[in-house]
Structures are given as C-alpha cells and as structure tokens.
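Numbering (this note's numbering), first residue to last: 172 to 461.
We treat Cβ as the ideally placed atom computed from N, Cα and C, and that holds for glycine.
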C-alpha cells in the first residue's frame, strides 16, 4: 500500500509495465467494437488507459469510474480524460493530483439492489429456520474471504443474539472453519446478493467496497469493523466520515452499533436515508454527457 497506492512525492512503481503488456489488446478491442469511450472501473485499468491516452495510442476518450471512497494514486493518471468519483471530496483530490477534470456520480450498483428482490423471501425463510428470532447480520470478507479474527467476530455476534451470515467469497477453508461455529451461517460465492441483502438487517464490512455500496442501495445500515490494511482501512474511515456508515473500533463499539442500527427507530432510518442519498446521478448518463 505504501509503495503502490499512498499519495505523495517521489518516484514509485506505476502501471507502465502492465500498460505495455495489455495496451495492444485494449487498442484492438476498442477498434473492433467501435467504442466511443473506454471506462476503466479498476485502478490498474485506469493506469492502462491513462498510459495509452498520454501517448496518443488510444483514439477514444477514457473516463475513469473511481469506485473507492479512498482515492489512491493508482486510480489517478493524468493521461485520462476525466474521473467520475463517489464524492465531491474525492473529485477534488483527483483534480489536484492529475490537473485534469473530475466530477461525481455516486456509487454504481445494479438496479436490482434498489427494489425488493425476488430472492429475498427464500433467504428470509433460510434465516428463520437456522436462527429463529435472531436478526441476520451479514459479515463480508470480500471476494478473497480475508479479514482479521473473523472467527472471533462471528462468535461474538452469535453470542449476543444475532445470526451472523458470513460471505466467505472464494475462501473454502474459511467457510469450512466458520461452518463449525454454532449459530453461524457461512456462505461461499453468492450470486443473489440483492436477495440476500434485502433479507438481512445490517452489513458488517471490512473494505468499503462494492458490497458496502450495494448494502446502501438495498437500504441496509453498514458498520465498518477491522478493515483490511491499506485502502480498506482508508475507505472505511472515509465512508464513516461522510455519515453513510459507522466505524467500530472494538467489540464494545461494534455491539453498540449493531444493537442501535438493527432496532427499528430514528437511528436506523437516518442511517439508511444517508446511504441512499449518496446515489446522486447515473454514471452512464454522466459518461455519455461528457
């Protein structure tokens, strides 16, 4: 993180080696598809398009969709034509770093997350069967299934009357381990995330990534806890500072936040409303308007 992502002066590794490897294939794809614009949604993609545009090797504009709350340096290449960020603070950082243009569009999620999902009923039935009377709390470990003391966290939640539903991603070892914990639902790769989130009461997140903004769209309060080092920790802090989530520093703070935000009342309603207010504009409309 310090070497590749953190902003600051000094020469450090960039995305040029990747650009040299993948640049030809991207140019061919853009030409073959007749693309009017290229929209990278991953920071290494932003380095690739910026490298090509700066050298006149990509004939169409590149608009970077910055999906992180913490805008690290790998997102920001001065060769790109424009950046679309989650917040105005992030857009200001992008403009200051690149000297180019940047605006906001809010998070980008599939429309299925905004309305009641057809699969929610099935998930609710499963949760009622496995943990009757226990509020289901989703614990996200990301696509890789990584986190700090996940076993301790889910056992703590289960011991206080909640039903932890753990997203283990591709980590089958983690899933096997947590499946042995009493009162815990350990899931592998989930394809029906809209249904799952609409059936749950809260998300505990460790990266402030796509699962977190999907939860906001679904009307689910988000609590950041034990974030992964680097951009995950930065993102959790930024997200909480915006008022769209909370960041818990220890078990006591986690339990207090979970109790407060799973209970019906003004705290839950206000947090849900703040999260949904983050979705300010349609990214596709912003891209085509540029």
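Annotated three-state conformation of residue 351 is coil, per DSSP.
Excluding five sequence positions before and after residue 428, the CB atoms of its chain that fall closer than 6 Å to its own CB belong to 394, 417 and 419, given in chain order. Given a length threshold of 4 residues, the segment 224-266 has no whole run of the alpha helix (DSSP H) inside it.
Ranking 352, 342, 368 and 378 by CA distance to the CA of residue 389 puts 368 first.
Between residue 222 and residue 250, the CB-CB gap stays under 8 Å.
Assigned with DSSP and collapsed to three states, residue 215 falls in helix. By the Cβ neighbour-count rule, residue 286 is exposed, with fewer than 16 other Cβ atoms within 10 Å of its own. When beta bridges are read from the DSSP output, residue 307 appears opposite 334. Linking residue 334 to residue 437 through their CA atoms gives a straight-line distance of about 23 Å.
CA-CA distance, residue 274 to residue 450, rounds to 14 Å.
With 16 or more other CB atoms across the displayed protein chains lying within 10 angstroms of its CB, residue 245 is buried. Note that the C-beta distance between residue 295 and residue 370 is below 8 Å.
For residue 416, the secondary structure class from DSSP, reduced to helix, strand or coil, is coil. Judged by DSSP secondary structure, residue 394 falls within the beta strand (DSSP E) whose first and last residues are 393-396.
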